[in-house]
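Encoded as structure tokens, the structure appears first; notes follow it.
Protein chains: 2
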Amino acid sequence: MGVTIHDVAARAGVSVATASRALSGQRGVRAENRAKVLAAARELDYEPNVVAASLRSRTTHTIGMVVPRIANPFFATLVESIETQLHDGQRSLLLATSHYDPEVEQRQVRALLDRRVDALIMIPCHRERSGAALTTAAARIPVLQLDLRVDGFAGSWVGVDNEAGLWQVVRHLTERGARSLVFVGAEPTDSAAQARLDGYRRAVGDGEDVLLGDFSKEWGQRAAELLLQRGALPDGIVCGNDTIALGVLGELTSRRVRVPEDVLVTGFDDIPYAALAQPALTTVRQPQQQIAAEAVRVLDARLAGEETALRSTAITPDLVVRASA
Amino acid sequence: MGVTIHDVAARAGVSVATASRALSGQRGVRAENRAKVLAAARELDYEPNVVAASLRSRTTHTIGMVVPRIANPFFATLVESIETQLHDGQRSLLLATSHYDPEVEQRQVRALLDRRVDALIMIPCHRERSGAALTTAAARIPVLQLDLRVDGFAGSWVGVDNEAGLWQVVRHLTERGARSLVFVGAEPTDSAAQARLDGYRRAVGDGEDVLLGDFSKEWGQRAAELLLQRGALPDGIVCGNDTIALGVLGELTSRRVRVPEDVLVTGFDDIPYAALAQPALTTVRQPQQQIAAEAVRVLDARLAGEETALRSTAITPDLVVRASA
DNA sequence: TTGAAAGCGCTAACAG
DNA sequence: CTGTTAGCGCTTTCAA
Numbered sequence: 001m002g003v004t005i006h007d008v009a010a011r012a013g014v015s016v017a018t019a020s021r022a023l024s025g026q027r028g029v030r031a032e033n034r035a036k037v038l039a040a041a042r043e044l045d046y047e048p049n050v051v052a053a054s055l056r057s058r059t060t061h062t063i064g065m066v067v068p069r070i071a072n073p074f075f076a077t078l079v080e081s082i083e084t085q086l087h088d089g090q091r092s093l094l095l096a097t098s099h100y101d102p103e104v105e106q107r108q109v110r111a112l113l114d115r116r117v118d119a120l121i122m123i124p125c126h127r128e129r130s131g132a133a134l135t136t137a138a139a140r141i142p143v144l145q146l147d148l149r150v151d152g153f154a155g156s157w158v159g160v161d162n163e164a165g166l167w168q169v170v171r172h173l174t175e176r177g178a179r180s181l182v183f184v185g186a187e188p189t190d191s192a193a194q195a196r197l198d199g200y201r202r203a204v205g206d207g208e209d210v211l212l213g214d215f216s217k218e219w220g221q222r223a224a225e226l227l228l229q230r231g232a233l234p235d236g237i238v239c240g241n242d243t244i245a246l247g248v249l250g251e252l253t254s255r256r257v258r259v260p261e262d263v264l265v266t267g268f269d270d271i272p273y274a275a276l277a278q279p280a281l282t283t284v285r286q287p288q289q290q291i292a293a294e295a296v297r298v299l300d301a302r303l304a305g306e307e308t309a310l311r312s313t314a315i316t317p318d319l320v321v322r323a324s325a
Numbered sequence: 001m002g003v004t005i006h007d008v009a010a011r012a013g014v015s016v017a018t019a020s021r022a023l024s025g026q027r028g029v030r031a032e033n034r035a036k037v038l039a040a041a042r043e044l045d046y047e048p049n050v051v052a053a054s055l056r057s058r059t060t061h062t063i064g065m066v067v068p069r070i071a072n073p074f075f076a077t078l079v080e081s082i083e084t085q086l087h088d089g090q091r092s093l094l095l096a097t098s099h100y101d102p103e104v105e106q107r108q109v110r111a112l113l114d115r116r117v118d119a120l121i122m123i124p125c126h127r128e129r130s131g132a133a134l135t136t137a138a139a140r141i142p143v144l145q146l147d148l149r150v151d152g153f154a155g156s157w158v159g160v161d162n163e164a165g166l167w168q169v170v171r172h173l174t175e176r177g178a179r180s181l182v183f184v185g186a187e188p189t190d191s192a193a194q195a196r197l198d199g200y201r202r203a204v205g206d207g208e209d210v211l212l213g214d215f216s217k218e219w220g221q222r223a224a225e226l227l228l229q230r231g232a233l234p235d236g237i238v239c240g241n242d243t244i245a246l247g248v249l250g251e252l253t254s255r256r257v258r259v260p261e262d263v264l265v266t267g268f269d270d271i272p273y274a275a276l277a278q279p280a281l282t283t284v285r286q287p288q289q290q291i292a293a294e295a296v297r298v299l300d301a302r303l304a305g306e307e308t309a310l311r312s313t314a315i316t317p318d319l320v321v322r323a324s325a
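These protein sequences, in sequence, are chains W and L. Just so you know, we're using UniProt numbering here: the first sequence kicks off at 1 and counts up by one. Just so you know, we're using UniProt numbering here: the second sequence kicks off at 1 and counts up by one.
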């Protein structure tokens, strides 16, 4: 049914080999023939069959990506940035979700490998149990961890410099005169939670005050309650992410505690709602575009055969100062 | 390098045809042979080359999807739901972004067609100019419009029943005693804005009060300002989506207008932040799971050859009553 | 610079 | 129920 490269070659009066070379932009084709082939392709409305090309050339120009959830706005932005980067390079994105289930994640990785993706980008869903899937994939194709990393997996990683982010937060609060701080974070069940906790501890030094739950609004609310029960509030509440901070903010507001007058509050991530909150949230912006750009760059280096490119990159984020601190 | 179906067949002592049939689960293979083939495949750690299978069978078990943005939480949820549906059926999702540019959208569609996706799901980015891309695609594979629809394109569509949603909002506000209402919506540059406006107009009847801008928080803020300048506020402000509603809410709060005591405010979509707002937003929940399920069902019917399946479905949403109204 | 020919790994006719 | 065989449409040697 469809027009094949044979039709194009016939119309241009050359062999399929020449047509193939002309169409794929290889050098070593006389300019005149190249023009003839391209003209023939246009006239016939030729649509190359990339499946056939993939079978023969063993490259699909497709990148696989596995994320825990797409609906998480932070991951969504990362996916979008990666897709945009890839599209500029004429590549496509096969997207899969793990739903935070390592078993599902493993199946998804296998499915992507079966589909012969050229490389894999993964936001691992589990700090330990995602290792197997990564190792399987890494044995065949370049693999990159994004945002989160798996303990003991010696592969590339690109993400934000969580520690640097917390340093900035702490410095900012200190400059605004805050003497006593509390960190409301998440149990270190993933590498980001760990790094943020570590960063906070290093930034404030000894005697730090830490409350750990999970990355949810509900935990933020409960943590705020706990702090209120203590009696005197600290000068600043450093939250492990924006969702927690929004919970804290909500609870404080409903208890008539004024932010930033009575207490300063900060978040981390700069999710879209951070700017909409009342008061608008001071937070650390994840440089997603940069993370995506760096991720694709690292992968390209690997695909180009640079074995030395098995490098990890932590991108320094910016502090976004708004009303809450 | 890799293990092929020939290796599996040889090890199982059957022909490649039998091996292929056994592996793809076709009937018409003696149980004993089937077991032998599956055992051989497992022993050899056989990984089928789906690229080769696609080339031969002319089906890739891949669905293409083009959305204006992934970072929009509403679209992200839709993408996630679709991916989950597809994964249950062993299919994969090739995801592309149009960035609201019809030219980009057209290129993305062509790229997906080149990759021989079995079907296309698209949230069109432009009410008119997305038509060309859809028509091109529809000439080759089943195509489905999601959420938004293109004027004059006679293809399937699945989305929410916007009019029904607005009826529910208006009825709820009326039951809460609101007599005077204002609709703060978006200029009908897309089909959803149009349908919501139409729905509102039909629900309130003549003499309706309508302010049109775009689906942004900024427009919500400005609209609230305009309403405040008028003097007396209406009893209820019906917003065209949650983002507008959040803008309205923010502006009212900062002007010391109390919601819901002084005025009722509603949204549409139930984006994640709707529940986090102060006060939490009463809104219409988009039934994204159902939309995704129906979308995949319609596509499957088309892929199964049911020509009658060129149907559109509007799914009735639910009202989520929270604090704001 | 070009062309002929050999597959990539698989599925689908077709014949048994 | 099984095997033989012929491609799917393309890229890539290899030789000219």
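Ideal placement from N, C-alpha and C gives every residue a C-beta, glycine not left out.
TODO: Taking 8 angstroms as the cut-off, decide whether the C-beta atoms of L/A29 and L/A22 are in contact.
DONE: First, the amino acid is wrong: residue 29 of chain L is Val here, not Ala. Cβ distance < 8 angstroms, so L/V29 and L/A22 count as in contact.
Task: 8 angstroms Cβ cutoff, W/V79 in contact with chain L - done: yes
Open item on the list: Here's a check: name, in chain order, each residue in its chain whose Cβ is nearer than 7 angstroms to the Cβ of L/D190, leaving out the five neighbours to either side.
Closed with: R127 and L148
Open item on the list: Within 10 Å of its beta-carbon, does W/R91 have 16 or more other beta-carbons around it, so buried, or fewer, so exposed?
Closed with: buried
Open item on the list: Contact between the stretch 56-75 of chain L and the stretch 103-122 of chain L is defined here as three or more beta-carbon pairs at a separation below 8 angstroms; is this criterion met?
Closed with: yes
Task: W/G2, buried or exposed, once every other Cβ within 10 Å from all chains shown has been counted against 16 - done: exposed
- [ ] Express the C-alpha separation of L/L228 and L/L113 in angstroms, rounding to a whole number.
- [x] 52 angstroms
TODO: Any chance you could list the alpha helix (DSSP H) runs of at least 4 consecutive residues sitting entirely within the stretch 92-157 of chain W, in chain order?
DONE: 102-114 and 131-138
Open item on the list: Determine whether the beta carbon atoms of W/R115 and W/T97 lie at a separation below 8 angstroms.
Closed with: no
Task: Proximal residues of chain W, C-beta to C-beta of L/N33 below 9 angstroms - done: Those do not exist, as L/N33 stays about 23 angstroms from chain W at its closest Cβ, beyond 9 angstroms.
Open item on the list: Measuring alpha carbon to alpha carbon, tell me which residue in W/T135, W/E47, W/A138 and W/G165 is nearest L/D107.
Closed with: The sequence shown places Arg at residue 107 of chain L, rather than the Asp named in the question. Out of W/T135, W/E47, W/A138 and W/G165, W/E47 has the C-alpha closest to the C-alpha of L/R107.
Open item on the list: Using only CA atoms, which one of W/E163, W/N162, W/A164 and W/C125 lies nearest to W/Q145?
Closed with: W/C125
Task: C-alpha gap between L/Q278 and L/F75, whole angstroms - done: 24 angstroms
Open item on the list: With a threshold of 8 angstroms between beta carbons, is W/S54 in contact with chain L?
Closed with: yes
Task: Whether W/E163 touches W/D198 by CB criterion (8 angstroms) - done: yes
- [ ] Please classify W/T316: is it buried, with 16 or more other beta-carbons within 10 angstroms of its beta-carbon, or exposed?
- [x] exposed
- [ ] Kindly list the residues whose CB is nearer than 7 angstroms to the CB of W/S20, restricted to its own chain and excluding five residues on each side of it in sequence; keep chain order.
- [x] I5
Task: Exposure label - L/T59; buried when at least 16 CB within 10 Å - done: exposed
Task: Contact belief for W/A200 with W/F183 at Cβ below 8 angstroms, rounded distance in angstroms - done: Looking at the sequence itself, residue 200 of chain W is Tyr, so the reference to Ala does not match. With 8 angstroms as the limit, W/Y200 and W/F183 qualify as a contact, their Cβ atoms being about 5 angstroms apart.
Task: 7 angstroms Cβ shell around W/E225 - same chain, five flanking residues per side excluded - done: E251
Task: Secondary structure of L/D45, DSSP reduced to three states - done: coil
TODO: Show which residues of chain W have a CB atom less than 8 angstroms away from the CB atom of L/P48.
DONE: D114
Task: Per-residue burial, W/R196 [other beta carbons within 10 Å of its own, 16 or more giving buried] - done: buried
TODO: Below 6 angstroms CB to CB, which residues in the same chain sit around W/G220 once its five sequence neighbours on both sides are set aside?
DONE: I244, G247 and V248
TODO: Figure out for me which residue from W/A154, W/P142 and W/E175 has the closest Cα to the Cα of W/R302.
DONE: W/P142
- [ ] Look at L/A274 and L/T283 and say whether their C-beta atoms are less than 8 angstroms apart.
- [x] yes
TODO: Assess, as a yes-or-no matter, whether the stretch 254-269 of chain L is touched by the stretch 230-239 of chain L under the definition of 3 or more beta carbon pairs within less than 8 angstroms.
DONE: yes
Open item on the list: With a threshold of 8 angstroms on Cβ separation, who are the neighbours of W/A193 within its own chain once the five nearest residues in sequence on each side are excluded?
Closed with: G185, A186, E187, F215 and G240
Open item on the list: Counting only Cβ-Cβ distances shorter than 9 angstroms, please list the residues of the stretch 93-110 of chain L near chain W, keeping chain order.
Closed with: L93, L94, L95, A96, T97, H99, V104, R107, Q108 and R110
Task: Closest residue to L/A41 among L/A9, L/V298 and L/A325 (Cα-Cα distance) - done: L/A9
- [ ] In the DSSP assignment, find the unbroken alpha helix (DSSP H) run with W/F74 in it and report its ends.
- [x] P73 to D88
Task: Within chain W, partners of L/V51 - CB distance below 8 angstroms - done: V51, S54, L55, T60, R115 and R116
TODO: Below 7 angstroms between beta carbons is the criterion; list the residues of the stretch 192-221 of chain L that meet it against any residue of chain W, in chain order.
DONE: K217
Task: Collapsed DSSP secondary structure at W/G64 in the structure displayed - done: strand
TODO: Name, please, each residue of chain W whose Cβ falls closer than 7 angstroms to the Cβ of L/I123.
DONE: Under the 7 angstroms cutoff, chain W gives no residues; its nearest Cβ is about 14 angstroms from L/I123.
- [ ] Assign L/R176 to one of three DSSP states: helix, strand, or coil.
- [x] coil
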